[in-house]
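Since the structure comes first, as structure tokens, the remarks are kept for the end.
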Amino acid sequence: MCPKFRVAICGAAADEIGTTGAGLAVFKRTWSIFQHLGLDEQMRARGIPCPTEGETVAGTIHVADQKTEGEIVFRLVVPFNFVGLARMDLVHMLQRLVPKNCTIYTSKRLISYSAPATGQITLNFADGSAAATDVLVGADGIRSVDPEMGRAAVNPRWSGTHSYRCMIPAEKLKNVFPEHPALRSGQCYSGKSKHIMAYPVSGGHLVNFIGYHSDPEKEGTSFDGKWSGESTKEEVVSYYHDWEPQVQALMQCLGPNLLRESVHVLSDLPRCADGRVALLGDAFHAMTTNVSAGAGQAMEDAYVLGHLLAHPLVTLDTVAHTLKVYEDARLEFANRIITTSRDIGLLYEFNGPIYDGSRGASQETLDQWGKAIYERWEFQWNGSPAEELQHAKEQLEAGLTSGSSTTI
């Protein structure tokens with residue numbers, strides 16, 4: 010991290026950065042950032058396999074909503090394999106990279122801020138304390154407190170989907186179904202308005218399980234209740250009790266409680282930067298998890314924003330311009346991924362065009378459906394955050410004058 014910064018990370022968690030939560034799939038775009046940070050070396054030291062070049066089957070889709078063995082209808086063959094990570098592994102690795110000029114504060118939930126045209130930004134926290142800063146980056150999730158980015162007009166919307174998550178010990182699944190394919194690669198079990206994703210994480214020691222249960226007619230409505238909480242194994246099993254044997258093996262291995270989320274999205278925000286305040290991650294592009302892109306896109310935000318702010322020509326007087334360049338680099342792209350993820354969810358659950366999940370569909374229909382899925386995944390291995398950062402740097406330099414001298 011550039012030594013001209015003094016960085017404070019303020020989180021609402023009581024004691025430490027949380028390690029409980031979703032696993033993530035790291036594809037080529039995100040992997041390039043891992044390499045830039047040196048996370049690849051930490052993964053090797055932990056015995057976690059790294060993604061590799063070369064054609065491989067990243068995911069297999071089954072029509073699974075019947076008690077007999079499901080039908081494989083599509084294999085996602087990709088030019089660069091992914092690796093599954095548990096959140097706890099990623100958090101622990103990132104913590105090892107925190108530099109001395111960065112301090113983490115817990116029990117600091119931001120409730121409001123004041124950003125005058127000149128002078129420092131004042132931060133107000135739930136515990137009654139206050140602080141001041143030159144630049145504020147809101148990475149506080151879909152319910153960000155930021156009022157200035159058009160969020161009053163663009164509220165989070167329920168996707169109509171509930172998700173249910175847990176980690177399954179690989180040995181437990183092996184004992185139930187020794188050759189279960191989710192022990193080796195990504196599997197998608199599909200049915201009408203429901204699907205399950207399962208893939209290995211933590212070097213194959215765990216299997217990340219996510220079950221989805223959707224009501225398409227409720228997409229875009231307000232959800233009445235807590236957005237997240239716990240669900241029971243019994244509830245989740247009830248959604249898939251008549252599905253194929255591979256799914257039943259997963260059901261047997263679920264823990265007594267799963268993390269439930271009523272999946273909300275935030276898209277079409279008119280901007281993600283205002284003056285010396287910027288948004289990052291779910292605070293401006295919360296999305297469904299169907300393309301495993303939420304965490305990766307947040308890392309791309311941080312990668313671009315950090316490099317732009319660390320540019321030697323950037324001063325306190327030019328921060329607002331710098332954040333506008335960040336917005337130009339990230340806002341439109343992230344909004345496209347939100348739409349892409351939604352589309353894939355509809356395809357997985359046979360609520361989109363082309364294929365309705367019926368048995369005996371023609372090969373032409375299945376080929377068209379598979380092509381639609383593949384095309385929506387391509388961004389994960391096409392393009393490069395480094396190339397987009399270079400374009401943003403060129404835009405930044407074109408707009409700055411060599412006479413700026415005030416440092417951040």
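Sequential numbering of the sequence shown, starting at 10, is according to my numbering. Idealized CB from N, CA, C, for every residue including glycine. Fair warning: this is a prediction, and the values are worked out from it, not measured in the lab.
- H250 and H204 have their C-alpha atoms some 13 Å from each other.
- Around the beta carbon of N217, 16 or more other beta carbons lie within 10 angstroms, which makes this residue buried.
- The Cβ atoms of V35 and E64 do not sit closer than 8 Å to each other.
- Per DSSP, the continuous alpha helix (DSSP H) segment holding K242 begins and ends at K242 to Y249.
- The beta carbons of H273 and W167 sit closer together than 8 Å.
- Spatial neighbours of C262 in its own chain (CB-CB distance under 7 Å, excluding positions within 5 residues in sequence) are listed in chain order as I177, K181, L182 and V185.
- Contiguous alpha helix (DSSP H) elements confined to the segment 73-120 occur at 96-104, taking only those with 4 or more residues.
- When only Cα atoms are considered, T230 and G169 end up about 8 Å apart.
- Around the beta carbon of S247, fewer than 16 other beta carbons sit within 10 angstroms, so the residue counts as exposed.
- With respect to the C-alpha of G305, the residue from K227, F388, T348 and V72 having the closest C-alpha is F388.
- No Cβ-Cβ contact shorter than 8 Å links E80 with K201.
- DSSP places R339 within a helical segment (H, G or I) once states are collapsed to three.
- Under the 8 Å Cβ criterion, the segment 119-135 does not count as touching the segment 67-79, having fewer than three qualifying pairs.
- For the 8 Å CB-CB criterion, W252 and Y198 form a contact.
- Residue environment analysis places N90 among the buried positions, since at least 16 neighbouring C-beta atoms fall within 10 angstroms of its C-beta.
- The C-beta separation of I353 from I382 comes to about 6 Å, placing the pair in contact by the 8 Å criterion.
- Taking a 10 Å sphere around the C-beta of A292, we find 16 or more other C-beta atoms and assign the residue as buried.
- Cα atoms of D143 and Y221: separation of roughly 42 Å, rounded to the nearest angstrom.
- In this structure, C175 sits near L268, with a CB-CB distance shorter than 8 Å.
- Setting aside the 5 residues that flank it on each side, D365 is surrounded in the same chain by F359, each with a C-beta closer than 6 Å to its C-beta; the list follows chain order.
- Annotated three-state conformation of V323 is coil, per DSSP.
- Each of W390, L356, A54 and G315 was checked against the Cα of L145, and the nearest Cα belongs to G315.
- Sequence-distant partners of S237 (beyond 5 residues in either direction) whose C-beta falls short of 8 Å from its own C-beta, in its chain, are L268, R269, E270 and S271.
- Rounded to whole angstroms, the gap between the alpha carbons of M308 and Y173 is 24 Å.
- Nearest neighbour of L103 by Cα position, chosen from P125, M52 and I130, turns out to be M52.
- The straight-line gap separating the alpha-carbon atoms of T331 and T298 is approximately 30 Å.
- Annotated three-state conformation of P178 is strand, per DSSP.
- DSSP places F36 outside any beta strand (DSSP E), giving it a letter other than H or E.
- According to DSSP, W236 shares a beta bridge with no other residue.
- Our two residues, L275 and A258, have alpha carbons roughly 35 Å apart in a direct line.
- In the same chain as L192, and ignoring 5 residues on each side of it, the C-beta atoms closer than 8 Å to its own belong to A179, L182, K183, P209, G213 and V216, in chain order.
- Assignment of S172 by DSSP, reduced to helix, strand and coil, places it in the strand class.
- Here DSSP, grouped into helix, strand and coil, assigns W167 to strand.
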